[in-house]
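Numbering (this note's numbering), first residue to last: 782 to 1248. C-beta: ideal position from N, C-alpha, C; glycine also. Down below is the structure, laid out as structure tokens.
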Ligand SMILES: Cc1cc2nc3c(=O)[nH]c(=O)nc-3n(C[C@H](O)[C@H](O)[C@H](O)COP(=O)(O)OP(=O)(O)OC[C@H]3O[C@@H](n4cnc5c(N)ncnc54)[C@H](O)[C@@H]3O)c2cc1C
């Protein structure tokens, strides 16, 4: 175990957990502040989650939506990036413990910003994950890419019509923005991109089913926009099944219970889970130590100024918090991260901190298909091509880094103006890697970034330590 020492002088040490929207924007806001920032992330990248579905469906590469955090902050001299999974936070001792590849590091802090986000929730049915991956990480998106394109490949080889139907049936669970975007893109992939690529099967006959237990599409959006998205999905060949609750998922398919209590099975090789989130387990840890309430989704009840009760030096932002029913969206995390950073700067300068975080709602958007989106900007609502252009501009603006912006725009031109998709490569490792890791057992769970517990550093057959 190593202890990270204070880098310079007596400047306040700010530790940030998470390189997502909350963490990264907080770090950037501290650029000119007289503080030393340590940003700890369990991945080496900042992930632009809203475009994960485009990696899964072959439009963009993973690098385009996940630039290296270290590169983004390379010109910020007061910031240091550390790879590691935070496994413990001690509020009394003011330390954060991170682990990577069996190496444990303890970081001391004067100010702590926790922005560890949320993972997928299967509502107590975690066994569904093996057959219906979620959409939270690059691993998820690449595994899904392999499963989606792989299903068409296997269908081309199959001879039994029922098996071909099963392979060409794609089920997306959850009709929120992620599910709508995913279902729309699989339908376009089948009907446009792959139209001429196979000889034995007709990819355009693929069934894409979007189902949800809720009675409407895009529940957070205005009813008129949900109805517009529903209609457009139908037009591009997506079957929308509402009031349908998933009761089981297995290799063969998915079982759903309809509103009348009747259960039915949908035979489908490829299932995608886009329903439900569970905040990082660090939320529970912070709740236990500070007395802050933690809800069923693992979100911490923070003070109006985003700090923990009795701990003005600990700020929690983004998907991990429960405050005034704020939604789990990027803007809440970005604005929260900046607010927390401003509090840190104020205290460093001996100024009072702002007593309350006010979220400025800039609206919500979701794409349905090529040239079709919905945008809910409070009183202003847009659909169709105008909404899609707005979506395009906003997403280009927020994709971090010039290189990513440029290549992202290029990838979109290929896919939206033509019918191609530049990122169709999928490997066996991407599809089976997660299963293999799970086979390695719980000791590997400690760090998905690649390491076992301290005493269990993996040594492969050639005697090298695995990296
Ligand atoms: C598929 C998908 C589509 C979405 N689409 C939209 C959209 O269109 N518009 C919108 O506004 N929002 C969208 N969202 C929601 C938005 O991405 C989140 O609200 C936002 O990312 C939350 O930011 P955050 O900083 O709280 O968490 P995240 O951005 O998730 O960042 C959390 C960070 O913490 C790291 N981390 C987690 N645990 C640990 C640990 N123990 N130790 C170290 N690091 C850790 C993670 O690796 C990650 O870097 C979408 C989300 C998903 C999954």
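Nearer than 7 Å: is that true of the beta carbon of residue i relative to any heavy atom of ligand 1?
| i | result |
| --- | --- |
| residue 1069 | no |
| residue 1052 | no |
| residue 1185 | no |
| residue 1153 | no |
| residue 1056 | no |
| residue 958 | yes |
| residue 822 | yes |
| residue 917 | yes |
| residue 1100 | yes |
| residue 1082 | no |
| residue 924 | no |
| residue 890 | no |
| residue 804 | yes |
| residue 899 | yes |
| residue 1063 | yes |
| residue 831 | yes |
| residue 845 | no |
| residue 866 | yes |
| residue 966 | no |
For residue i, list the residues DSSP reports as bridge partners.
| i | result |
| --- | --- |
| residue 1146 | 1156 |
| residue 754 | Because the chain in this structure spans residues 782 to 1248, residue 754 falls outside the shown range and cannot be described. |
| residue 993 | 1023 |
| residue 1164 | 1155 |
| residue 817 | 794 |
| residue 1035 | 1030 and 1047 |
| residue 1120 | Looking at the DSSP assignment, residue 1120 forms no beta bridge with any residue, so it has no partner. |
| residue 894 | 797 and 1096 |
| residue 826 | 849 |
| residue 901 | 1058 |
| residue 1002 | Note: residue 1002 sits in no beta bridge, so no partner. |
| residue 1206 | The partner list for residue 1206 (beta bridge, DSSP) is empty, contrary to what the question assumes. |
| residue 807 | The partner list for residue 807 (beta bridge, DSSP) is empty, contrary to what the question assumes. |
| residue 985 | Paired residues: none, contrary to the question. |
Rounded to the nearest angstrom, what separates residue i and residue j at their Cα positions?
| i | j | result |
| --- | --- | --- |
| residue 1008 | residue 1131 | 52 Å |
| residue 864 | residue 885 | 11 Å |
| residue 959 | residue 1104 | 23 Å |
| residue 1062 | residue 904 | 15 Å |
| residue 1251 | residue 1211 | This structure leaves residue 1251 out entirely; the chain is present only between 782 and 1248. |
| residue 1106 | residue 895 | 19 Å |
| residue 791 | residue 852 | 27 Å |
| residue 913 | residue 1033 | 11 Å |
| residue 964 | residue 1029 | 20 Å |
| residue 1185 | residue 1041 | 48 Å |
| residue 1205 | residue 930 | 8 Å |
| residue 1049 | residue 1004 | 30 Å |
| residue 814 | residue 1194 | 40 Å |
| residue 994 | residue 952 | 14 Å |
| residue 969 | residue 954 | 18 Å |
| residue 947 | residue 1214 | 23 Å |
| residue 872 | residue 1069 | 10 Å |
| residue 941 | residue 989 | 20 Å |
| residue 1020 | residue 1013 | 11 Å |
| residue 1084 | residue 1203 | 46 Å |
| residue 1200 | residue 973 | 6 Å |
| residue 1198 | residue 971 | 16 Å |
| residue 1096 | residue 1137 | 12 Å |
| residue 962 | residue 1035 | 20 Å |
| residue 849 | residue 911 | 28 Å |
| residue 1111 | residue 939 | 42 Å |
| residue 892 | residue 794 | 6 Å |
| residue 1134 | residue 861 | 25 Å |
Is residue i helix, strand or coil by DSSP?
| i | result |
| --- | --- |
| residue 1084 | coil |
| residue 1022 | strand |
| residue 1103 | strand |
| residue 1029 | strand |
| residue 961 | helix |
| residue 1113 | helix |
| residue 930 | helix |
| residue 1212 | helix |
| residue 1177 | helix |
| residue 763 | Coverage of the chain is limited to positions 782 through 1248, which leaves residue 763 absent and any answer about it impossible. |
| residue 1227 | Since pLDDT at residue 1227 reaches only 47, below the 50 mark, its modelled position is unreliable, and the value read off the structure follows with that caveat. Reduced to three states, the DSSP call for residue 1227 is helix. |
| residue 856 | coil |
| residue 1132 | coil |
| residue 1065 | helix |
| residue 1089 | strand |
| residue 1053 | strand |
Taking 7 Å as the cut-off, is the beta-carbon of residue i closer than that to any non-hydrogen atom of ligand 2?
| i | result |
| --- | --- |
| residue 1037 | What this structure holds is ligand 1, not ligand 2. |
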